[in-house]
Amino acid sequence: AQKITQTQPGMFVQEKEAVTLDCTYDTSDQSYGLFWYKQPSSGEMIFLIYQGSYDEQNATEGRYSLNFQKARKSANLVISASQLGDSAMYFCAMREAGGTGRRALTFGSGTRLQVQP
Amino acid sequence: NAGVTQTPKFRVLKTGQSMTLLCAQDMNHEYMYWYRQDPGMGLRLIHYSVGEGTTAKGEVPDGYNVSRLKKQNFLLGLESAAPSQTSVYFCASSSFQGLHQPQHFGDGTRLSIL
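Protein sequence lines, in the order shown, are assigned to chains A and B.
Each residue of the first sequence is one higher than the one before, starting from 1 at the first, in our numbering.
Each residue of the second sequence is one higher than the one before, starting from 1001 at the first, in our numbering.
So this is what it looks like as structure tokens:
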């Protein structure tokens, strides 16, 4: 089974509107972390926001917030007031505490967001 | 702040040639990783290291070798390049302190095997 599932290959949003990018995950660990990264067309990976499995409040970072629903195993990224510069590929990723200790990230396949003027 | 630096940024190889991708980080991070990114598949872990002198296999290690002789450097080698290894390669590093520490990525190496 896929550990991270992003079901929206592409999304369009009008400038200044809010958009939600979906992410569901699968893990048997009680302790884990969820990350969102942005990859603009230039190719670099930019860390946006983090949510820990024990965090009771949803994470927020500026215009980014994470809608964390633990029972549903979902960690959706919400971007408020979209800007043209938000056009990029967005990846959801998970780090699990258990197992090998490698603390590597498992990535979803990404969602390409295009912000239209 | 340099962060994570990858060299080269682009490379074209012929099938069967060998090469080494270099990754250097200046954040004193314990953990380092090599990922590959293919269209529609996100990033997949090739090899990783949890400290100087240690390496281990990730999800897609075949055809690659790695070395971590110094804490700040993590090298990825292709002994005999194959067209299936055409990809964008990312190096990343992170502190061992806690799950919340994000991985810091280099800008990637775009590798084409003809």
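Every residue gets a Cβ at the ideal spot worked out from N, C-alpha and C, and that includes glycine.
C-beta neighbour in chain A for Q1017 (chain B), strict 9 Å: no
Reduced DSSP category for S1084 (chain B) - H, G, I as helix; E, B as strand; rest coil: helix
Any chain A beta carbon closer than 9 Å to Y1033 (chain B): yes
Cβ distance (whole Å) where M1019 (chain B) is taken to contact A1081 (chain B) below 8 Å: 7 Å
Separation of P40 (chain A) from T1039 (chain B), as counted between CA atoms: First, the residue type needs correcting, since residue 1039 (chain B) is Pro and not Thr in the sequence shown. Computed Cα separation, rounded: 14 Å.
Simplified DSSP assignment, three categories, for L84 (chain A): helix
DSSP-derived helix/strand/coil call for S61 (chain A): Sequence inspection shows Glu at residue 61 (chain A); the Ser mentioned does not correspond to that position. Strand.
Three-pair Cβ contact test at 8 Å for the region 1071–1090 of chain B versus the region 80–93 of chain A: no
Extent of the continuous beta strand (DSSP E) run through M1019 (chain B): M1019 to Q1025
Three-state class that DSSP yields for S129 (chain A) in the structure shown: The displayed coordinates of chain A run from 1 to 117. Any statement about residue 129 (chain A) would go beyond what the structure contains.
Cβ pair Y50 (chain A), H1100 (chain B) closer than 9 Å: yes
Close Cβ partners of S1087 (chain B) (< 7 Å) along its chain, the five nearest in sequence each way excluded: R1036, Q1037, D1038 and L1111
Start-to-end residues for the beta strand (DSSP E) that takes in M11 (chain A): G10 to Q14
Beta-bridge pairing of L113 (chain A) - partner residues as DSSP gives them: A:M11 and A:A88
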